[in-house]
Every structure is written in C-alpha cells, then in structure tokens.
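Visitor: Questions regarding the structure given below will be posed in turn.
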C-alpha cells in the first residue's frame, strides 16, 4: 500500500508558484479537496494551471494580477492563509479572508501575525479580511525569533523571504519534513537557504526566482495510520516508499515499544505485530507518568507528531495495560474520545489535555457521529476495523478531504466498507 503524498507540504508549495513568472511543475499530487481549492484560487488570481496529465500540475503565474483572495472560497479552509507570503513578495500587499478549517480548537493565526510583524509587515482586519502590507523598502537583514515553532507561520515567512532581496534569519522555526521540502523547492528556484531540517533557518531571497520541479514525500501521518491498522487487526501491511528514516524513524521507535513489528525492506516498510500488544514499562526505557503508567506527548518535530495522537488512542485500546496521552496543542484534541468510548473503548478523560487509555478492549461498533476533525475521524474509522462488528459512521466526508481514496485503500486491504448516503 502506498501512503498518500504529504498534503501539508502542498498547501505551501502550490501558492509558492506565485514567486516566479516561470512554470513550476508538481508531480504525484493527490486529488484532495484542499488542492482543488488552492488551484481554484490560483486561477482566480490569474494563474495558468495545466492538469492535462493525471497527478501532474503545471502552474504559470506570469499573469497573476490580484492580491485579494475570493472571500467565500478563501474563507472555507485554513490553507488559504498560505497565500499571504507569496502575494506579499509579489505585490507588497495581500488580502486574505479570515480562514476556516476543521473544528480543532481555536487555531489562532497569532503566530503568522507575530512573525510577519517582526519582518516589518503591518496588518489590519477589514470586513472579514486580514490585509497585510509589506514595507516599501525592506531592510538588508531581519532576525526573527518566532513566537512558536508553527509550521504554517514558518512556511509563510520563508516564502515571503524567498521573494525579497533581504536576508532572513528565523529562529525557533518549524523543521517538519514538509517545511524541509518547501525550503528545498525554494532553493531550487534560486533562493539561498541554510539550516534545512533545523530550527534555525537562514534564507536570502531573490526577486528573479526561476522554474522548479517538486514532488512531495510520503505523508507520515498516513504511514502511522497504516502501521496502527496492521497492529490492531493483527494484519500485515507493506507500506511502499515509506522507508525514509528522517521522516519515520521517530514514530517507529514508539510503535516498537508497543510490540509492533516493523521491517525495512528496500524502500518499503512492512508492519505487523509480534504477538500480544503491550509496553514493557520496566526494561524499555519508555517515559512514565507514574509507576507502570507510560506517557506519550506530542512535540514539535522531530518529536512525535500531534496528528498521529488520535490513532495512538486506538492502538492503546488494543494494548495490554494503560497509557497516558496528552495533547497540549489543541484544547479540543480529545473530543473524539466520547465516540471511541461509545464503541467500547476504556478511556478516562483526566482533563481536556490528558486521557488515560486502558486496554485491551473489544470494540462493539454501533452508530457513531464523527467530529469534524480529520484525524479524529481517522481514529474512529480504524477503530471500526478492529473487531468483527458493524459500525455506522456519520460525518466521514471530512476524512476524504485529506485521504480522497481512503475507503478504496482499506477495502483493498480486506475491510468491508459500504458507503451509505444520509
């Protein structure tokens, strides 16, 4: 099974085509709804978009003539904010609708505003838009200490920096794989970039960036979901092209603590389980919240990714013993626990940020309404695969936003899935 390409990289690299009048080619692009909306915005701004070859997109922005996004379309999804950086670099101004997205807490854009402000960019709210204005004359150098290691704030700022003639030194920058992929593309376009993969990036831009070819790496959150699916169903899944150590090794360390077996076979990973799922709290060196109680917290990269925490709740539900999970990044990050408990899980909510999962349990299925959060829906979906029961899940369209072929993928692995219209 081939994991989807990293969707989180595409929401940044596609708008970055605005930095050049030459053609940027993107390969292996999935047909997600976010990609479709980004391409629609590019067309409305004046870009030429060629999709004549399946999975390949060619974008030429020589005729882009607007710095203002469509209010209705841009307000539908959070990724529209990623147009701020490239439009600022091209026009010196950008007007972005206050963005939406899946219902995962407050998800403030303060990190973007703070980083832009430190680069001399002013902003104000006008009639549902955020209007960003760049300085008429940039300084020779900007030292930006970010408010937090935000992925999208880092991406927005480096895209802007790449299209200016200034030098930017960005500290506490995000260093996730998709940030590194963006930086490599900007470097291929002609920007000078140092510190790729670290939390301190130096970038010196150019107002004459050139064409480039980009292909995203595997989505590590999808890889995590496939590994969990193999473990909780006592199956075996070959995950093609996923043996990329700098992307998956941190997660593999955690999966092996659960007695999940992961073999490296060339470019692929093969996931299964060695027998009973359990965590050796005495000899493994796993972090403990209390005697006999291991803990797993998400951290900025290269720590465990927050988007994989929901499926870890499912894995822990099939694992002997208890596990403390903490999600300090999103205040509603554990809202999906209600649904898992309704399906038969034994999860105690300590507070909005912490839950204790006790296993193993047998899921009993039932009629479930998923929260409008992609990874929460993914966790419920994988839990429904665990046992020989029938689960009816409502609200699954949010899942297809990131994983357009998710049902076909798991059907090919042996799941019995029937689409029922409400």
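Numbering (full-length UniProt numbering), first residue to last: 1 to 422. Even glycine gets a Cβ: it sits at the ideal position worked out from N, Cα and C.
1. With a threshold of 6 Å on Cβ separation, who are the neighbours of residue 120 within its own chain once the five nearest residues in sequence on each side are excluded?
2. Thinking C-beta only, is residue 298 closer than 8 Å to residue 253?
3. Report back the beta-carbon spacing between residue 157 and residue 144 to the nearest angstrom; my notes put them in contact at under 8 Å.
4. With a cut-off of 8 Å on the beta carbons, I'd call residue 127 and residue 149 a contact; round off their distance for me.
5. Restricting to Cα atoms, I'd like to know which of 131, 235, 203 is closest to residue 184.
6. May I ask you to report which of helix, strand or coil DSSP gives residue 135?
7. Can the beta-carbon of residue 180 be found less than 8 Å from the beta-carbon of residue 163?
8. Starting from residue 145, follow its DSSP beta bridges and name the residues at the other end.
9. Flag this pair as touching only if the stretch 23 to 30 and the stretch 203 to 219 have three or more C-beta atom pairs under 8 Å; answer yes or no.
10. So what does DSSP say about residue 60, is it helix, strand or coil?
11. When DSSP labels each residue in this structure, what does residue 411 get in the three-state scheme?
12. What span of residues does the beta strand (DSSP E) with residue 271 cover, start to end?
13. Report the residue from 108, 61, 110, 72 whose alpha carbon sits nearest the alpha carbon of residue 86.
14. Where residue 325 and residue 332 are concerned, what is the direct C-alpha to C-alpha distance, given to the nearest angstrom?
15. Express the C-alpha separation of residue 139 and residue 165 in angstroms, rounding to a whole number.
16. State the beta-bridge partners of residue 288 as determined by DSSP.
17. Answer yes if the stretch 241 to 252 comes into contact with the stretch 278 to 288, meaning at least three C-beta pairs across the two stretches below 8 Å, and no otherwise.
18. From the DSSP secondary-structure annotation, give me the bridge partner or partners of residue 181.
19. Roughly how many angstroms lie between the CA atoms of residue 374 and residue 308, to the nearest whole one?
20. Could you say which of 178, 316, 147 lies nearest to residue 302 if we only look at CA atoms?
21. Just curious, the alpha helix (DSSP H) that residue 86 is in, first and last residue?
22. Can you look up residue 48 in the DSSP assignment and give me helix, strand or coil?
23. Where does residue 300 fall in DSSP's three states?
24. What does a CB cutoff of less than 6 Å around residue 104 pick up in its chain, not counting 5 residues either side in sequence?
25. If you reduce the DSSP assignment to three classes, tell me which class residue 233 lands in.
26. Apart from the five residues just before and just after residue 272, which ones in its own chain have a Cβ nearer than 6 Å to its Cβ?
27. Pull up the DSSP beta-bridge partners for residue 204, would you.
28. Beta-carbon within less than 7 Å of residue 33's beta-carbon, same chain only, minus the 5 sequence neighbours each way: which residues are those?
29. Taking 8 Å as the limit between beta carbons, can you name the residues of its chain near residue 74, skipping five residues before and five after?
30. Answer with buried or exposed for residue 390, where buried requires no fewer than 16 other C-beta atoms within 10 angstroms of its C-beta.
31. If I measure Cβ to Cβ from residue 310 and keep anything under 7 Å in the same chain, skipping five residues before and after, which residues do I get?
32. Would residue 5 pass as a contact of residue 239 if the rule is Cβ separation under 8 Å?
Guide: Reading it off the structure:
1. Cβ within range, chain order: 135.
2. No, the pair does not count as a contact, with Cβ atoms beyond the cut-off.
3. Yes, they are in contact, since the Cβ atoms of residue 157 and residue 144 sit about 7 Å apart, within 8 Å.
4. With a contact defined as Cβ atoms closer than 8 Å, residue 127 and residue 149 miss out at about 32 Å.
5. For the residues 131, 235, 203, the minimum Cα distance to residue 184 belongs to 203.
6. Residue 135 sits in coil when the DSSP states are folded into three classes, being neither helix nor strand.
7. No, the pair does not count as a contact, with Cβ atoms beyond the cut-off.
8. Answer is 171.
9. Counting C-beta pairs with one atom in each stretch, the stretch 23 to 30 and the stretch 203 to 219 have three or more that are closer than 8 Å, which means they touch.
10. Note: residue 60 maps to strand in three-state DSSP.
11. If DSSP states are grouped into helix, strand and coil, residue 411 belongs with the helices.
12. Where residue 271 is concerned, the enclosing beta strand (DSSP E) stretches over 268 to 273.
13. If we check each option's Cα against that of residue 86, 61 comes out closest.
14. Near 14 Å, if we compare the C-alpha coordinates of residue 332 and residue 325.
15. If you take the alpha carbons of residue 165 and residue 139, they lie about 9 Å apart.
16. DSSP, once it has assigned bridges, lists 294 as partnering residue 288.
17. By the Cβ rule, the stretch 278 to 288 does not count as touching the stretch 241 to 252, because fewer than three pairs are nearer than 8 Å.
18. Answer is none; residue 181 lacks a bridge partner.
19. Cα atoms of residue 374 and residue 308: separation of roughly 11 Å, rounded to the nearest angstrom.
20. Closest by alpha carbon: 178.
21. 84 to 91 is the span of the alpha helix (DSSP H), which, as asked, contains residue 86.
22. Residue 48 falls in the strand class under three-state DSSP.
23. Looking at residue 300 - three-state DSSP - the assignment turns out to be coil, as it is neither helix nor strand.
24. Any reading at residue 104 must be qualified, since the residue scores a pLDDT of 41, below 50, and its modelled position is unreliable; the value itself is stated next. Cβ within range, chain order: 330, 373.
25. The three-state secondary structure of residue 233, taken from DSSP, is coil.
26. For residue 272, where only same-chain residues beyond five positions count, the Cβ hits under 6 Å are 230, 236, 261.
27. Per DSSP, 167, 192.
28. These residues qualify, in order along the chain: 401.
29. Around residue 74: 41, 80, 83, 96, 97, 99.
30. Counting Cβ neighbours within 10 Å, residue 390 comes out exposed, since fewer than 16 surround it.
31. These residues qualify, in order along the chain: 336, 375, 376, 378, 379.
32. It is not a contact, given that the beta carbons lie outside the stated cut-off.
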